[in-house]
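Take the sequence shown: its position 199, counting from 1, is numbered 995 in the numbering used here, and each next residue is one higher.
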Amino acid sequence: MPEKINLYLVPTPIGNLEDITLRALRVLNEVDVILAEDTRTSGKLLKHHNITKPLQSYHIFNEHKTAEKLVERMESGEVFALISDAGTPAISDPGFLLVREALKAGLEVNCLPGATAFVPALVNSGLPSDKFVFEGFLPHKKGRQTRLKLLAEEERTIVLYESPHRLIKSLEQLKEFLGDRQVSVSRELTKMFEETVRGTITEVVAHFTEKGVKGEFVLVIDGKS
797 MPEKINLYLV PTPIGNLEDI TLRALRVLNE VDVILAEDTR TSGKLLKHHN ITKPLQSYHI
857 FNEHKTAEKL VERMESGEVF ALISDAGTPA ISDPGFLLVR EALKAGLEVN CLPGATAFVP
917 ALVNSGLPSD KFVFEGFLPH KKGRQTRLKL LAEEERTIVL YESPHRLIKS LEQLKEFLGD
977 RQVSVSRELT KMFEETVRGT ITEVVAHFTE KGVKGEFVLV IDGKS
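What follows is the structure in structure tokens.
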């Protein structure tokens, strides 16, 4: 490992506060500044672990404006850690732009291993996990149907993220474009009300229509046979 890292990407728990590594806690205690997607959310986690380093906001709405200035501060010697509200930075969260700019400037970047929602959902699904494609969130409007048509031909297991108010609509559209495939839907991973529902898309839609839709979701869909 290089003698000095300029930017650490530190995964944070996706629900259960125990799911943070000893190394992550050490790094967060050692850096000069912690960049957080939401300082209020991250502040609770840091307080829980008695970490008192300065917090600075870094999110999707300001990353283009702040990345260049942050790189300049790294070049002057400051060491940063980037965390998101939950999970690994840059996975369906801000981070890619800052990493790219830091590497362009010849700085050292290091990503710690840790919590990411799609990994336990995929492994727990019972669907093939040797080859898979992670799509994150589907486009809301422009390009959505084009993406669904492409996924209809995908032979690998497909992993998606979805919000509660779009879950039923997305499942119904997946059925329309992909057919009534086997799917595994996980919600509230690592939390008290964690749930994974497996079956055909029709069966899973029926379940959540009856039980209601709460929490953040990971969808794992069987590839084209």
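Where a beta carbon is used, it is the ideal one built from N, C-alpha and C, also for glycine.
Whether residue i touches residue j by CB criterion (9 Å)
| i | j | result |
| --- | --- | --- |
| residue 1015 | residue 955 | yes |
| residue 997 | residue 977 | yes |
| residue 870 | residue 901 | yes |
| residue 981 | residue 1004 | yes |
| residue 944 | residue 969 | yes |
| residue 1029 | residue 894 | With the chain running from 797 to 1021 in the structure shown, residue 1029 is simply not present. |
| residue 809 | residue 842 | no |
| residue 863 | residue 814 | no |
| residue 847 | residue 910 | no |
| residue 929 | residue 967 | no |
| residue 879 | residue 932 | no |
| residue 824 | residue 849 | yes |
Neighbour-count burial assignment, residue i, 16 or more Cβ in a 10 Å radius
| i | result |
| --- | --- |
| residue 926 | exposed |
| residue 1013 | buried |
| residue 884 | buried |
| residue 972 | exposed |
Sequence-distant residues of the same chain with beta carbon closer than 6 Å to residue i, five excluded per side
| i | result |
| --- | --- |
| residue 924 | 953 |
| residue 856 | 890 |
| residue 1009 | 960, 963 |
| residue 892 | 886 |
Cβ neighbours of residue i in the same chain (closer than 8 Å, five flanking residues each side left out)
| i | result |
| --- | --- |
| residue 990 | 811, 982, 983, 984 |
| residue 920 | 980, 982, 992 |
| residue 800 | 875, 904 |
| residue 995 | 978, 979, 1003 |
Beta-carbon proximity list for residue i, same chain, < 7 Å, skipping 5 on both sides
| i | result |
| --- | --- |
| residue 899 | 905 |
| residue 951 | 1019, 1020 |
Expected contact under 8 Å - CB spacing of residue i and residue j to nearest Å
| i | j | result |
| --- | --- | --- |
| residue 948 | residue 974 | 5 Å |
| residue 851 | residue 837 | Between residue 837 and residue 851 the Cβ distance is about 11 Å, and since that is not below 8 Å, they are no contact. |
- Task: Could you say if the stretch 874-886 and the stretch 829-849 meet the contact criterion of at least three C-beta pairs nearer than 8 Å?
- Result: Taking 8 Å as the limit for Cβ pairs, the verdict is that the stretch 829-849 does touch the stretch 874-886.
- Message: Across the stretch 899-918 and the stretch 797-813, are there enough close Cβ pairs to call them in contact, namely three or more that are closer than 8 Å?
- Response: Taking 8 Å as the limit for Cβ pairs, the verdict is that the stretch 797-813 does touch the stretch 899-918.
- Message: Check whether the stretch 937-950 and the stretch 911-918 touch, using three or more Cβ-Cβ pairs below 8 Å as the test.
- Response: With a cut-off of 8 Å on Cβ pairs, the stretch 937-950 is not in contact with the stretch 911-918, counting fewer than three such pairs.
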